[in-house]
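See below for the structure under consideration.
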Amino acid sequence: QVQLVESGGGLVQAGGPLRLSCAASGFIFSIATMGWYRQAPGKQRELVARITSGDSTNYADSVKGRFTISRDNAKRTVYLQMNSLKPEDTAVYYCHARIPRRDDYWGAGTQVTVSS
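Sequential numbering of the sequence shown, starting at 651, is according to the working numbering.
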């Protein structure tokens with residue numbers, strides 16, 4: 651079955667970097683659009699960044715210039731490099747897969763906490 655396992659979350663000081671990873675299994679990774687979403691307490695889940703099978707990317711305005719999404723199809727992994735982190739980036743970060751002719755899938759999430 652489809653599995654998305656996030657890692658790399660944690661506590662970091664404002665201005666610091668953090669890299670999230672999402673290891674995928676159970677589907678043809680190379681054809682899926684992969685994304686990172688986040689949800690802060692009391693807020694709706696929002697798109698952070700997305701990368702298509704053709705490596706096209708898009709980002710939320712709030713993270714442009716600071717976050718970079720990438721994928722390694724050989725390792726079946728999608729990454730989110732987060733730089734210049736701000737306290738408002740604190741949230742649970744979720745990996746998402748949109749698989750053609752199948753459903754959407756979510757990971758369990760990883761907590762990112764940015765201290766001021």
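No residue lacks a Cβ here, since even glycine has one placed at the ideal position from N, Cα and C.
Look up residue i in the DSSP assignment and give the residues it is bridged to.
i, result
"E656", "C672"
"N708", "R700"
"D754", "R748"
Should residue i and residue j be called a contact, given that it needs their Cβ atoms to be closer than 9 angstroms?
i, j, result
"L669", "Q731", "It should be noted that the sequence gives Arg, not Leu, for residue 669. Cβ atoms of R669 and Q731: closer than 9 angstroms."
"R700", "G685", "yes"
"V768", "A741", "Nothing about residue 768 can be read from this structure; the chain reaches only from 651 to 766."
"R716", "S703", "no"
"S675", "V652", "yes"
"V655", "A724", "no"
"V764", "A682", "no"
Beta-carbon within less than 7 angstroms of residue i's beta-carbon, same chain only, minus the 5 sequence neighbours each way: which residues are those?
i, result
"T718", "Q731"
Rounded to whole angstroms, what is the Cα-Cα separation between residue i and residue j?
i, j, result
"R748", "G666", "30 angstroms"
"K693", "R752", "28 angstroms"
"A710", "L697", "6 angstroms"
"Y744", "A690", "11 angstroms"
"D754", "H746", "7 angstroms"
"K736", "T760", "17 angstroms"
"S712", "S766", "18 angstroms"
"K714", "W756", "23 angstroms"
Can you list, in chain order, the residues of its chain whose CB lies under 8 angstroms from that of residue i, leaving out five sequence neighbours each side?
i, result
"D705", "R721"
"I678", "I749"
For residue i, collect the residues of the same chain with a Cβ closer than 6 angstroms to its Cβ; drop the 5 residues on either side in sequence, then sort them by chain order.
i, result
"G658", "R669, L670 and S671"
"N708", "R700"
"A854", "Here the chain has residues from 651 to 766 only, and residue 854 is not among them."
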